[in-house]
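Take a look at the structure set out below.
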Amino acid sequence: MQRDSPRIVGTKPPPGKGFVRRKRRNAFKARDDRVEKRRPPTTRPPARTMPRILLLGCADMLPTLDARGDWTAASAPLPDSQSAWQHATRDADVCVVDAARLEPSAVASLCARPDAPALVALSCFDDQARAQALLAAGCADVLALPLSEEAIAQALAKALRTRELARENRALRDALSGTGSYGGLLTRDPTLLGVFQTLRSVADTRACVLFEGESGTGKTELARAVHRQSARAAGPFVELNCGALPESLLEAELFGHARGAFTGAARDREGRFEAADRGTLFLDEIATASPGLQVKLLRVLESGQLERVGESRTRSVDVRLLCATNRPLLEEVRAGRFREDLYFRIHVVALRVPPLRERRGDVALLAAHYLARFRALHGRGPGELDAEALALLARHDWPGNVRELAHLLERAVLLCGGARLTLADAAALLPRGDATAPGAERDDAPPLGPLKQAMAIPERRFLLRALEACGGNRERAAELLGINRATLFHKLRRHGIRKSA
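Going left to right, the sequence shown walks through residues 2 to 502 as this note's numbering numbers them.
Structure representation (structure tokens):
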């Protein structure tokens, strides 16, 4: 019989393999937490605002320009449509592009925007006629290749100065004419001019800004403009519509998730807060956030720390938050649907963006602006409005606000012939029943009967009107009506409204 080996009294048995593995895992986790932990957001220096140079189809020049340190340079593929052009260049100060890929009509359309970047075209051939056409259309400069590094830098510096002078001249003309612009929005309304002035004074701070106003009033454009004029302009601008996602997905979209956190989470994924680190996060329709999500939002805003869904590790972020809502948030607080402490945390600078029906004097200004913009974009359509057509547009209530007006003017450019938009054209473009004088009675009221049956007729008309105001986009129509997409889809099926309607 084998005897056990003697053991010295007072000693412990050697640890098992499980103990060693746990100890090693805990040591690695502690090391990872130390590496992940960052300085508090309040101690981080703000990013320096620098001009942004965008190279379209000229990626080979990126190392040369990016090494100078006078600006931030980025490259992107050449856009293949006018809308892609406007989206790609909206945050740039100067765009460098091959002259052979530019058309004067495209240049004119891009330069028609109040916040358009300066365009510098590069040409491999000495084509004076094409160069003159591009300059006449709005290009800041047309350069013949090859060029030295210093010559390109001087041309870009000149384009930046030209753009800044043009911006100052436009601001001076606007001041003299009583017109103001901010983020591509135009107005002569004193209330909205006051909003613009407040945004200019707080843009370069860390303050949270809350935009309150109806859908289509331009809250997103104002938020982008605040980011561009802030010290975080070189950082990312990330936006999320809280009402566009169900509650089960919204938390993971905001804070990210770990692999296996829920069905379908096949890999680790960062959320919008982490994606906006050292930049700006814009949360639209924040009033739709659930009470549980509001608690987590408040914690991130106060501490700058978060945990991904399904993960216990704490991460730090440095994010400036901008919010928007189409509901009066104070009423949501009084009704108990929105936390009071979160309300006061995001209510640092609260601005109400007035709807278009409260500033009817802007209809003529905006109509002329959008008509010229879409005429240059599509190369067709009327260039002016008759006084009668303008008066009819000014009487319309514009439930879709500036977005609805812009869509109507684009349809006018595409569908109406002639050099001027007439009263008949405008009446045909407006929804049925809105081309009459204000206060006119309608004689097509439904007969008396069951209330549900009687209400179906105006409800169907209202749904069609919302779809038309949003260009057929059902998600935006649901947002405009203040209902979720499932409810809208159910109502459309019930009323027999097909997708082509």
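Glycine included, each C-beta is placed from N, C-alpha and C at the ideal position.
Being a predicted model, the structure only gives us computed values, none of them experimental.
Let me check one thing: in DSSP terms, what residues is residue i bridge-paired to?
i, result
"residue 306", "317"
"residue 96", "55 and 120"
"residue 421", "385"
"residue 258", "270 and 310"
"residue 353", "213"
"residue 324", "211 and 284"
"residue 73", "53"
"residue 238", "281"
Under 8 Å by Cβ, that's how I've got residue i and residue j pegged, so tell me the actual separation to the nearest angstrom.
i, j, result
"residue 295", "residue 367", "Wrong, their Cβ atoms sit about 36 Å apart, outside the cutoff."
"residue 255", "residue 274", "6 Å"
"residue 350", "residue 219", "With 8 Å as the limit, residue 350 and residue 219 do not qualify as a contact, their Cβ atoms being about 17 Å apart."
"residue 499", "residue 489", "With a Cβ gap of about 14 Å, residue 499 and residue 489 do not count as contacting."
"residue 374", "residue 382", "The Cβ separation is near 11 Å, so there is no contact."
"residue 272", "residue 253", "7 Å"
"residue 298", "residue 401", "That belief does not hold up - the Cβ atoms of residue 298 and residue 401 are roughly 29 Å apart, past 8 Å."
"residue 277", "residue 320", "5 Å"
"residue 200", "residue 223", "6 Å"
"residue 157", "residue 121", "7 Å"
Would you mind reading off the limits of the alpha helix (DSSP H) that contains residue i?
i, result
"residue 427", "424-430"
"residue 363", "363-379"
"residue 199", "191-203"
"residue 112", "105-112"
"residue 347", "341-347"
"residue 221", "220-229"
"residue 411", "402-416"
"residue 332", "330-335"
Tell me the DSSP secondary structure of residue i in three-state form.
i, result
"residue 243", "helix"
"residue 132", "helix"
"residue 79", "coil"
"residue 442", "Bear in mind that a pLDDT of 41 at residue 442, under 50, signals an unreliable position, so the number given afterwards is only what the model happens to contain. Three-state result, residue 442: coil."
"residue 181", "strand"
"residue 126", "coil"
"residue 486", "helix"
"residue 232", "coil"
"residue 291", "coil"
"residue 263", "coil"
"residue 65", "helix"
"residue 88", "helix"
"residue 338", "coil"
"residue 495", "helix"
"residue 102", "helix"
"residue 360", "coil"
"residue 44", "Only weak support exists for where residue 44 lies, its pLDDT of 39 falling under 50; the value from the coordinates is given anyway. If DSSP states are grouped into helix, strand and coil, residue 44 belongs with the helices."
The beta strand (DSSP E) that contains residue i, what's its start and end?
i, result
"residue 212", "210-213"
"residue 281", "280-285"
"residue 186", "186-188"
May I have a chain-ordered list of the beta strand (DSSP E) segments no shorter than 3 residues that lie completely inside the region 135-174? 142-145
Whole alpha helix (DSSP H) runs in the region 449-481 with 4 or more residues, listed along the chain? 452-470
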